[in-house]
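Peer 1:
Protein chains: 2
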Amino acid sequence: MASEVRSRVTVIDVARAAGVSVATAARALGGYGSVSQASRRKVDEAAARLGYTPNMVARSMITGSTKTIGVIVADIENQFFQLVLRGVSRVLSEAGFDLVLANTEESIEVERRSLRVMTSRRVDGLILSPTEVADVAQIRAVADSGIPVVLLDRRLRGLKVDSVGIRNRAASHEATTYLLDRGHRQIAVVTGGGAEHAEELRSGNVGRLRRMSATTLGTRTAGYLEAIEAAGIAHVPDYVVANGFRQSDARTAARELMRLPQPPTAIMAFDSLLNLGVLQGLGDAGVRCPDQVSLIGFDDAPWAEVVDPPLTVIAQPTEEIGALAARQLLDRLGGESGAPMNHRLPVRLIERQSVARPPG
Amino acid sequence: MASEVRSRVTVIDVARAAGVSVATAARALGGYGSVSQASRRKVDEAAARLGYTPNMVARSMITGSTKTIGVIVADIENQFFQLVLRGVSRVLSEAGFDLVLANTEESIEVERRSLRVMTSRRVDGLILSPTEVADVAQIRAVADSGIPVVLLDRRLRGLKVDSVGIRNRAASHEATTYLLDRGHRQIAVVTGGGAEHAEELRSGNVGRLRRMSATTLGTRTAGYLEAIEAAGIAHVPDYVVANGFRQSDARTAARELMRLPQPPTAIMAFDSLLNLGVLQGLGDAGVRCPDQVSLIGFDDAPWAEVVDPPLTVIAQPTEEIGALAARQLLDRLGGESGAPMNHRLPVRLIERQSVARPPG
DNA sequence: GACGAAGGTGAGAACGTTATCGCATCGGCT
DNA sequence: AGCCGATGCGATAACGTTCTCACCTTCGTC
Numbered sequence: 001m002a003s004e005v006r007s008r009v010t011v012i013d014v015a016r017a018a019g020v021s022v023a024t025a026a027r028a029l030g031g032y033g034s035v036s037q038a039s040r041r042k043v044d045e046a047a048a049r050l051g052y053t054p055n056m057v058a059r060s061m062i063t064g065s066t067k068t069i070g071v072i073v074a075d076i077e078n079q080f081f082q083l084v085l086r087g088v089s090r091v092l093s094e095a096g097f098d099l100v101l102a103n104t105e106e107s108i109e110v111e112r113r114s115l116r117v118m119t120s121r122r123v124d125g126l127i128l129s130p131t132e133v134a135d136v137a138q139i140r141a142v143a144d145s146g147i148p149v150v151l152l153d154r155r156l157r158g159l160k161v162d163s164v165g166i167r168n169r170a171a172s173h174e175a176t177t178y179l180l181d182r183g184h185r186q187i188a189v190v191t192g193g194g195a196e197h198a199e200e201l202r203s204g205n206v207g208r209l210r211r212m213s214a215t216t217l218g219t220r221t222a223g224y225l226e227a228i229e230a231a232g233i234a235h236v237p238d239y240v241v242a243n244g245f246r247q248s249d250a251r252t253a254a255r256e257l258m259r260l261p262q263p264p265t266a267i268m269a270f271d272s273l274l275n276l277g278v279l280q281g282l283g284d285a286g287v288r289c290p291d292q293v294s295l296i297g298f299d300d301a302p303w304a305e306v307v308d309p310p311l312t313v314i315a316q317p318t319e320e321i322g323a324l325a326a327r328q329l330l331d332r333l334g335g336e337s338g339a340p341m342n343h344r345l346p347v348r349l350i351e352r353q354s355v356a357r358p359p360g
Numbered sequence: 001m002a003s004e005v006r007s008r009v010t011v012i013d014v015a016r017a018a019g020v021s022v023a024t025a026a027r028a029l030g031g032y033g034s035v036s037q038a039s040r041r042k043v044d045e046a047a048a049r050l051g052y053t054p055n056m057v058a059r060s061m062i063t064g065s066t067k068t069i070g071v072i073v074a075d076i077e078n079q080f081f082q083l084v085l086r087g088v089s090r091v092l093s094e095a096g097f098d099l100v101l102a103n104t105e106e107s108i109e110v111e112r113r114s115l116r117v118m119t120s121r122r123v124d125g126l127i128l129s130p131t132e133v134a135d136v137a138q139i140r141a142v143a144d145s146g147i148p149v150v151l152l153d154r155r156l157r158g159l160k161v162d163s164v165g166i167r168n169r170a171a172s173h174e175a176t177t178y179l180l181d182r183g184h185r186q187i188a189v190v191t192g193g194g195a196e197h198a199e200e201l202r203s204g205n206v207g208r209l210r211r212m213s214a215t216t217l218g219t220r221t222a223g224y225l226e227a228i229e230a231a232g233i234a235h236v237p238d239y240v241v242a243n244g245f246r247q248s249d250a251r252t253a254a255r256e257l258m259r260l261p262q263p264p265t266a267i268m269a270f271d272s273l274l275n276l277g278v279l280q281g282l283g284d285a286g287v288r289c290p291d292q293v294s295l296i297g298f299d300d301a302p303w304a305e306v307v308d309p310p311l312t313v314i315a316q317p318t319e320e321i322g323a324l325a326a327r328q329l330l331d332r333l334g335g336e337s338g339a340p341m342n343h344r345l346p347v348r349l350i351e352r353q354s355v356a357r358p359p360g
């Protein structure tokens, strides 16, 4: 009974077994056109008996739709993307779409390749979290070829596609102001960016930053700068560190910040892995948080409440960002036309215990 | 120039533009058969000029291979699966395969549906983390139909497919023994299982447990029981709690454990989200860890070192599990035949500060 | 009783590739 | 000179569906 048949059952086989034409069998199985009760019964019975499973590949071939959405994320290890993915996955699966996933690990080369692969797989749509140095032309080419694209967490200059995210500049402005209000004057940021942007970020030139291909960390740094400038505080280049996205990078960053002649009294970190690294780095340096140095982070990870000290964070509605991106994509697939939508979801500052007044 | 053409360029167009036959153009573009330098150049040039992108769907149609691996996980929110996914993704993408992801959210119904979808998508192989109540017959049907399947983290009785994971019984035995060695006699476990298994788990009957469709939590609980029995300690049903997989479930569990007439002096939790929940629950109950209650967890999450207190855990080589699963699958795809492999990777007990001697 | 609309059916084209086969050409060998 | 294998090439079948079209039946309506 457990026939190890590699040869697959096709509609043709089912049609023959049911004594109807291929067209009728296909209609009954595919649920389109009109089929009589009697035929439908015969076909269903034959299909069950033969163990027929439809071939999506052949179906896609002719319909032109693969019922597949490509999702390209920068780093699957990042808490942010995990929850985004969850939201995306939930919405898509309810709508009968599947998800093919690519992890670029922050590499522009891999991103280019993934984009090509997605195109040749004929995905119906694309959710994309572009790397810092995204190939805008390539993304435009994909969008122009008729595949709807939704960008996560950032807009790309000169690219008219939908995007979903938060107001990054306002969010970091809010976080910085929160620190300023508590009396901090020496505030550092751990951005996560790589060496290629370090100079730009350190420059303290807001205009230049906002032009800088609008990366998440660029805009967030701009918000920080605007806040401290508004408070009449001079920019200290050494307070803006961009030495990488990994936990260990942030750990190093925190240690080095504390070794500065004039170390900061507060630190802001731009994602949950960086939060963690900074916390470790402070521990390494023998600095107590928040008594000696305050810390405010981005992203409310499940562990944020349990670390020592419980972390004050800017919480993004992460899963909702993913869900909304998926819904936006489905709307476009459903024929919605019109100007690109730039959804900005609200953030929430969650006060816990990692921020205190500066010592002294 | 930015032609918004929806009509796609095909090999036929390229062939015509290059002045060669379709077969030759296809050979040049597909990189098979033999093509002269001259033809190849003409074809490549024409393809570039027309903006040709190959159609994987059509290719799959004829070759029978989609270069796609289906990955079905129980809960994408779980740290364990995130890292597994990372390992899988890395290995697969190096081998030129893509990954279609399904998240069952621990639902057998969704798992069944996902399995059907994967089949009809004609994935080349499947990596599956079956739910507790997996439909073995369905999985067998998939495997028998010629699609290689690799199981994550557990074997299924009567199912001859490859699997990758750890020695769950030995691991929890080790963790329990670690607690026993430090003088604990009242040890509770937060398993994460649902109500449907609560009775079985509480029963304390090792034989019955090991027969219980071999779930991860079943085997882990068995290891725990064997360890305390070997130490001559009577089983206390209330010490085995199975009230759900979420962080909040574990939080409740810990609170209730501490309300018992005779509360445990140590708790073991079976995954990183549960670890977190227990830690919070202890905090809610006003119980200090490890002074009053010790905690040992499974999975070394990035935050395990930073929580208060730093967590002693059984670390699984999570990413390596994913990578190995993917490699095993690729081997089968490469024609490896022979008996199913059950890879068991070593775990590591990482001592930090959440375990102390019991008070008094 | 004629007519149109609607429901049901089947034959065959179409989707865009790769596989199969047969034919030509070209060296290098006997 | 004749033969052989290797290489290059083209015409066409094939993959498993859905789509298009034409046709037939049935039924209600004027």
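Chains as they are written, first to last, in the UniProt record's numbering: chain H, 1 to 360; chain Y, 1 to 360.
Heads up, the beta-carbon is just placed ideally off N, CA and C, and yes, glycines get one too.
(1) When you compare only the Cα positions, how much space is there between E320(Y) and F81(Y)?
(2) Cβ atoms of F97(H) and I76(H): under 8 Å apart, would you say?
(3) Any Cβ of chain H within less than 8 Å of the Cβ of A58(Y)?
(4) Between the region 215-235 of chain H and the region 170-185 of chain H, are three or more C-beta pairs nearer than 8 Å?
(5) For the 8 Å Cβ check, are there 3 or more pairs between the region 286-301 of chain H and the region 253-271 of chain H?
(6) For R113(H), report the span of its alpha helix (DSSP H) as first-last.
(7) To the nearest angstrom, how far is the alpha carbon of G218(Y) from that of L311(H)?
(8) With H, G and I counted as helix, E and B as strand and the rest as coil, what does DSSP make of G322(Y)?
(9) Would residue 449(H) be called buried (16 or more neighbouring beta carbons within 10 Å of its own) or exposed?
(10) Please confirm whether R122(Y) has its beta-carbon closer than 8 Å to some beta-carbon of chain H.
(11) My assumption, with CB atoms under 8 Å, is that L180(Y) sits in contact with G193(Y). Please give the rounded CB distance.
(12) Please determine, among I187(H), D291(H) and P54(H), the residue with the shortest C-alpha to C-alpha distance to T10(H).
(13) So, does the CB of L101(H) fall closer than 8 Å to a CB anywhere in chain Y?
(14) Are there 16 or more other CB atoms within 10 angstroms of the CB of E109(Y), so buried, or fewer, so exposed?
(15) Can you tell me whether I12(H) is buried or exposed? The criterion is at least 16 other CB atoms within 10 Å of its CB, across all chains shown.
(16) Compare the C-beta of A2(Y) against all C-beta atoms of chain H and say whether one is closer than 8 Å.
(17) If you draw a straight line from the C-alpha of E199(Y) to the C-alpha of N243(Y), how long is it?
(18) Could you work out which residue in R182(Y), E229(Y), R16(Y) and R116(Y) is closest to N205(Y) when comparing CA atoms only?
(19) Helix, strand or coil, according to DSSP, for R344(Y) in the structure here?
(20) For residue 380(Y), which residues in the same chain have their Cβ closer than 7 Å to its Cβ, ignoring the five residues on either side in sequence?
(21) Any C-beta of chain H within less than 8 Å: which residues of the region 277-308 of chain Y qualify?
(22) Answer yes or no: do S354(Y) and P302(Y) have a C-beta to C-beta separation smaller than 8 Å?
(23) Quick check on this structure: which residue in I72(H), Q262(H), R157(H) and H343(H) has the alpha carbon closest to the alpha carbon of I187(H)?
(24) Apart from the five residues just before and just after A17(H), which ones in its own chain have a Cβ nearer than 8 Å to its Cβ?
(25) Just curious, the alpha helix (DSSP H) that residue 361(H) is in, first and last residue?
(26) Tell me N103(Y)'s beta-bridge partners as DSSP assigns them.
(27) Between D271(Y), D291(Y) and V142(Y), which has its C-alpha nearest R116(Y)'s C-alpha?
(28) Closest by CA to V347(Y), which one among V73(Y), I166(Y) and Q328(Y)?
(29) Would you check if the distance between the CB atom of A315(Y) and the CB atom of V88(Y) is smaller than 8 Å?
(30) Taking only beta carbons into account, state which residues of the region 68-81 of chain Y come closer than 7 Å to chain H, listed in chain order.
(31) Would Y239(H) be called buried (16 or more neighbouring beta carbons within 10 Å of its own) or exposed?
(32) For I296(Y), report the span of its beta strand (DSSP E) as first-last.
(33) For V240(H), which three-state DSSP category applies?
(34) Which residues does DSSP list as the beta-bridge partners of A315(Y)?
(35) How many angstroms separate the CA atom of V190(H) from the CA atom of A227(H)?
(36) The alpha helix (DSSP H) with I254(H) in it runs from where to where?
Peer 2: On the basis of the supplied data:
(1) 12 Å
(2) At a Cβ-Cβ threshold of 8 Å, I76(H) and F97(H) do not count as neighbours.
(3) yes
(4) They touch, by the three-pair rule.
(5) As far as the Cβ criterion goes, the region 286-301 of chain H touches the region 253-271 of chain H, which means the pair count is three or higher.
(6) I108 to S120
(7) 35 Å
(8) helix
(9) The shown model of chain H, from 1 to 360, leaves out residue 449(H), and the question about it has no answer.
(10) yes
(11) Not really, about 23 Å apart at Cβ, beyond 8 Å.
(12) That would be P54(H), whose Cα lies nearest to the Cα of T10(H).
(13) It does; some Cβ of chain Y falls within 8 Å.
(14) exposed
(15) exposed
(16) With a pLDDT of 35 at A2(Y), under the threshold of 50, the predicted position of this residue should be treated as unreliable, though the coordinate-derived value follows. For A2(Y), the answer is yes, since a Cβ of chain H falls inside 8 Å of its Cβ.
(17) 11 Å
(18) E229(Y)
(19) strand
(20) Here chain Y covers residues 1 to 360 and nothing more, so residue 380(Y) does not appear.
(21) L279, Q280, G283, A301, P302, W303, E305, V306, V307 and D308
(22) no
(23) Q262(H)
(24) A46, R49 and L50
(25) Here chain H covers residues 1 to 360 and nothing more, so residue 361(H) does not appear.
(26) V73(Y)
(27) Nearest option by C-alpha distance: V142(Y).
(28) I166(Y)
(29) It is not a contact, given that the beta carbons lie outside the stated cut-off.
(30) I76 and E77
(31) buried
(32) S294 to F298
(33) strand
(34) R348(Y)
(35) 16 Å
(36) Position check: residue 254(H) holds Ala in this sequence, whereas Ile was assumed. It spans Q247 to M258 - the alpha helix (DSSP H) in which A254(H) sits, taken as one unbroken run.
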